[in-house]
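Novice: In my numbering, the protein residues as written are 13 to 395. Think of the CB as a built atom: it goes at the ideal place given N, C-alpha and C, for glycine as much as any other residue.
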Amino acid sequence: MASSGQPRIQWLGRWGFVLAATGSAVGLGNIWKFPYITGEYGGGAFVLVYLACILAVGVPVMMTEIAFGRRGRGSPIDAIRRVVSESGRSSGWSLIGWMAMLCGFMVLSFYVVVAGWSFSYLWKMLSGGLAGSSVDDMAAIFAANNANPWVLGGWSTLVTLLTMLIVGKGVQEGIEKSVSWMMPGLVLMLVLLIVFGVFSGGFGDAVRFLFSFNAGSLSSAGMLAALGHAFFTLSLASGAILTYGSYLPKGASIGRTTVSVALADTVVALMAGLAIFPVIFANGMNPGEGPGLIFMSLPLAFQAMPLGTLFGILFFLMLSMAALTSSISMVEATVSWLCDNKGITRPVAAWSTGIVLWLVSTLAMLSFNLGADWTLAGRHFFE
């Protein structure tokens, strides 16, 4: 086990952590999931409950994870073990660290498949492979993409390779450098898409949908979804934030840092809604389409609009970058633990983890094609 002193390396500064943690938080949860669950649960009322969950639950939990990470200076397992040891408590508490690390790894095993959809659609948008005249046509393209294990597996493998390439370069040279240009680039593309939405003809409807409050649209299922999404979008309880916190310089304010990340994540989620819903409303589509909103309705809407191909490319490029910044954070806990406890170099730890991740994610990928009939309790591996 690594020593309990300072870690081998730290973020270059507080903003290095803020960008990395925001990159972890700003992923498919913001740009893919947030818009469609907002549509499913009634718009503005859901957004209000979601913001309340971020403030009342998300921020305190994130602050606690960062504090544990910085105090323990290690992976979730090592950091929790050190903190409870200092407090004279049972080392059994380190089980929470194991659970968090496993949680992040298992989430990533299906996340790389969904991220593969983003990269695949970016290529389809660039190559003209998203031509269709109806939502049914787009649904057929989506189904064909998933039905081919070589295509779907190839894109998820690409995500895994890019993730391990960045993580293998280290905290400063790999993670911090990559997010320092990916996050500003992502925000810039969102701004361009919002400007596009302003002139699409559906911007007013989108604003009303996102921010008008209708108590009658709230439900217990919607409230539970808001709480769950607050955890998912902030990368909580998956070891990512705790591990990133272990690299935080000693003088950085945990309170200010946490608020900065939560605020940035929330702003990006709302910006994603303002970028997506104007296009949906301008084309008379249903905002509660579910996952198909991103991969079926939006590509069809882009086709029908001036400069739609250009903005479609920007959208899926942004989606791919958001997916990559989150996948980097979810694997870092495992790589950190291997480096600290097994005496291996970071590149070896990254690529070893990548091989195991690829094997597990392949089972998730096969759930859409060759392994669709491999079920347990009525669910296939991806579910």
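Measuring straight from C-alpha to C-alpha, what distance separates Trp167 and Glu98?
Specialist: Along the sequence shown, read from residue 1 onward, the residue named residue 167 stands at position 155. Along the sequence shown, read from residue 1 onward, the residue named residue 98 stands at position 86. Their Cα atoms are separated by approximately 45 Å.
Novice: Which same chain residues, not among the five before or five after Met297, have their C-beta less than 6 Å away from its C-beta?
Specialist: By 1-based counting over the sequence shown, the position of residue 297 is 285. Once the five neighbours on either side are set aside, the close Cβ partners of Met297 are Ser309.
Novice: Could you tell me which of Tyr62, Leu331, Pro311 and Pro359 sits nearest to Val150, measuring between CA atoms?
Specialist: Taking the sequence shown and counting its residues from 1, the one referred to as residue 150 is at position 138. Residue identity differs from the one stated: residue 150 is Met in this sequence, not Val. Answer by Cα proximity: Pro311.
Novice: Nearest by alpha-carbon distance to Ile89: which of Gly214, Ala112, Gly304 and Ala156 is it?
Specialist: Reading the sequence shown from its first residue, position 77 is the one you call residue 89. Taking only the C-alpha atoms, the option nearest Ile89 is Ala112.
Novice: Assign Phe211 to one of two classes, buried (16 or more other C-beta atoms within 10 Å of its C-beta) or exposed (fewer than that).
Specialist: What you label residue 211 is simply residue 199 of the sequence shown in a count that begins at 1. Answer is exposed; the Cβ neighbour count stays below 16.
Novice: From this set, Val95, Thr321 and Met194, which residue's C-alpha is nearest Thr337's C-alpha?
Specialist: Here the question's residue 337 lines up with position 325 in the sequence shown. Here the closest residue by C-alpha is Met194.
Novice: Would you identify the three-state DSSP class for Thr387, choosing helix, strand or coil?
Specialist: What you label residue 387 is simply residue 375 of the sequence shown in a count that begins at 1. Correct three-state label for Thr387: strand.
Novice: CB-CB under 6 Å to Val347, same chain, minus the five flanking residues each way: which ones, in chain order?
Specialist: Here residue 347 corresponds to residue number 335 of the sequence shown, with the count starting at 1. Correct list, in chain order: Val179, Ala361, Ala362 and Thr365.
Novice: Would you identify the three-state DSSP class for Phe380, choosing helix, strand or coil?
Specialist: Here residue 380 refers to the residue found at position 368 of the sequence shown. Correct three-state label for Phe380: coil.
Novice: Suppose contacts are defined by Cβ-Cβ distances below 9 Å. Is Ser224 in contact with Gly355 by that definition?
Specialist: As a first step, residue 224 is located in the sequence shown; it is residue number 212 there, counting from the start. As a first step, residue 355 is located in the sequence shown; it is residue number 343 there, counting from the start. Going by C-beta atoms, Ser224 is not nearer than 9 Å to Gly355.
Novice: Within a Cβ cutoff of 6 Å, which residues of the same chain sit near Gly128, ignoring the five residues on either side of it in sequence?
Specialist: Translated into positions along the sequence shown, residue 128 becomes position 116. Contacts found: Trp167, Ser168 and Val171.
Novice: Taking just the CA atoms, how far does Ala33 sit from Leu375?
Specialist: In the sequence shown, counting from the first residue as 1, residue 375 sits at position 363. In the sequence shown, counting from the first residue as 1, residue 33 sits at position 21. Each residue's alpha carbon lies about 29 Å from the other.
Novice: Per DSSP, what are the beta-bridge partners of His392 in this structure?
Specialist: Within the sequence shown, residue 392 is the residue found at index 380, counting from 1. Its beta-bridge partners are Thr387.
Novice: So what does DSSP say about Val343, is it helix, strand or coil?
Specialist: To locate residue 343, count along the sequence shown from 1; it is residue 331. In the displayed model, Val343 falls within a helix according to three-state DSSP.
Novice: Flag this pair as yes or no: are the beta carbons of Ser250 and Met342 separated by less than 9 Å?
Specialist: Numbered from its first residue, the sequence shown carries residue 250 at position 238. Numbered from its first residue, the sequence shown carries residue 342 at position 330. Yes. Within cutoff.
Novice: Determine the burial state of Arg358: buried for a count of at least 16 other Cβ atoms within 10 Å of its Cβ, exposed for fewer.
Specialist: Within the sequence shown, numbered from 1, the residue matching residue 358 stands at position 346. It counts as buried.
Novice: Compute the Euclidean distance between the alpha carbons of Thr270 and Met75, then round it to the nearest angstrom.
Specialist: Position 258 of the sequence shown, counting from 1, holds the residue named residue 270. Position 63 of the sequence shown, counting from 1, holds the residue named residue 75. In a straight line, the C-alpha of Thr270 is about 6 Å away from that of Met75.
Novice: When DSSP labels each residue in this structure, what does Arg101 get in the three-state scheme?
Specialist: Position 89 of the sequence shown, counted from the first residue, corresponds to residue 101. Here Arg101 sits in coil by DSSP.
Novice: Apart from the five residues just before and just after Ser379, which ones in its own chain have a Cβ nearer than 6 Å to its Cβ?
Specialist: To locate residue 379, count along the sequence shown from 1; it is residue 367. The residues are His392, Phe393 and Phe394.
Novice: Could you give the distance in angstroms between the alpha-carbon of Trp105 and the alpha-carbon of Val96?
Specialist: Along the sequence shown, one-based indexing puts residue 105 at 93. Along the sequence shown, one-based indexing puts residue 96 at 84. Cα to Cα, Trp105 sits roughly 7 Å from Val96.
Novice: Whole angstroms is fine: what's the gap from Gly214's alpha carbon to Val368's?
Specialist: For the purposes of this step, residue 214 is taken as residue 202 along the sequence shown, with counting starting at 1. For the purposes of this step, residue 368 is taken as residue 356 along the sequence shown, with counting starting at 1. Their backbone Cα atoms lie some 45 Å apart in a straight line.
Novice: Secondary structure at Glu301, three-state DSSP: helix, strand or coil?
Specialist: On the sequence shown, position 289 is the one that residue 301 refers to. Coil at Glu301, not helix or strand.
Novice: Quick check: Ser247 and Ala64, are their CB atoms within less than 9 Å of each other?
Specialist: Position 235 of the sequence shown holds residue 247. Position 52 of the sequence shown holds residue 64. No, the pair does not count as a contact, with Cβ atoms beyond the cut-off.
Novice: Got a sec: is the Cβ-Cβ distance from Thr169 to anything in chain B below 9 Å?
Specialist: This model lacks chain B altogether; it includes just one protein chain.
Novice: Reducing DSSP to helix, strand and coil, say where Val95 ends up.
Specialist: For the purposes of this step, residue 95 is identified with residue 83 of the sequence shown, where counting begins at 1. Three-state result, Val95: helix.
Novice: Going straight from the alpha carbon of Lys45 to that of Ala155, what length do you get?
Specialist: Position 33 of the sequence shown holds residue 45. Position 143 of the sequence shown holds residue 155. Whole-angstrom Cα-Cα distance: 19 Å.
Novice: Between Gly383, Glu301, Trp386 and Ala242, which lies nearest to Val147 when the distance is taken from Cα to Cα?
Specialist: Numbered from 1 along the sequence shown, position 135 holds the residue referred to as residue 147. Val147 has its Cα closest to that of Glu301, out of Gly383, Glu301, Trp386 and Ala242.
Novice: With a threshold of 7 Å on Cβ separation, who are the neighbours of Ala252 within its own chain once the five nearest residues in sequence on each side are excluded?
Specialist: Indexing the sequence shown from 1 puts residue 252 at position 240. Here the set comprises Ser36, Gly116, Ser341, Met342, Glu344 and Ala345.
Novice: Go through its chain and collect everything with a Cβ distance to Ser103's Cβ below 8 Å, but skip five positions before and after it.
Specialist: Position 91 of the sequence shown, counted from the first residue, corresponds to residue 103. Correct list, in chain order: Arg93, Val96 and Ser97.
Novice: Of the choices Ile206, Leu286, Gly257 and Gly186, whose alpha-carbon is the least far from that of Arg220?
Specialist: Within the sequence shown, numbered from 1, the residue matching residue 220 stands at position 208. The shortest Cα separation from Arg220 among Ile206, Leu286, Gly257 and Gly186 belongs to Leu286.
Novice: Report the three-state DSSP secondary structure of Val291 (helix, strand or coil).
Specialist: By 1-based counting over the sequence shown, the position of residue 291 is 279. Note: Val291 maps to helix in three-state DSSP.
Novice: Does Ile49 pass the burial test, meaning 16 or more other C-beta atoms within 10 Å, or should it be called exposed?
Specialist: Start at 1 with the first residue of the sequence shown, and residue 49 comes out as number 37. Counting every other CB atom within 10 Å of its CB across the protein chains shown gives Ile49 a total of 16 or more, marking it as buried.
Novice: Quick one: what does DSSP say Gly213 is sitting in, helix, strand or coil?
Specialist: As a position in the sequence shown, residue 213 is number 201, starting the count at 1. It is coil, neither helix nor strand.
Novice: Which residue from Tyr133, Leu67, Leu382 and Gly144 puts its Cα closest to that of Ser272?
Specialist: Position 260 of the sequence shown, counted from the start, is the residue given in the question as residue 272. For Ser272, the nearest C-alpha among the options comes from Leu67.
Novice: Would you report the Cα separation of Ala284 and Trp27, rounded to the nearest angstrom?
Specialist: Here residue 284 is taken as the residue at index 272 of the sequence shown, counted from 1. Here residue 27 is taken as the residue at index 15 of the sequence shown, counted from 1. Each residue's alpha carbon lies about 23 Å from the other.
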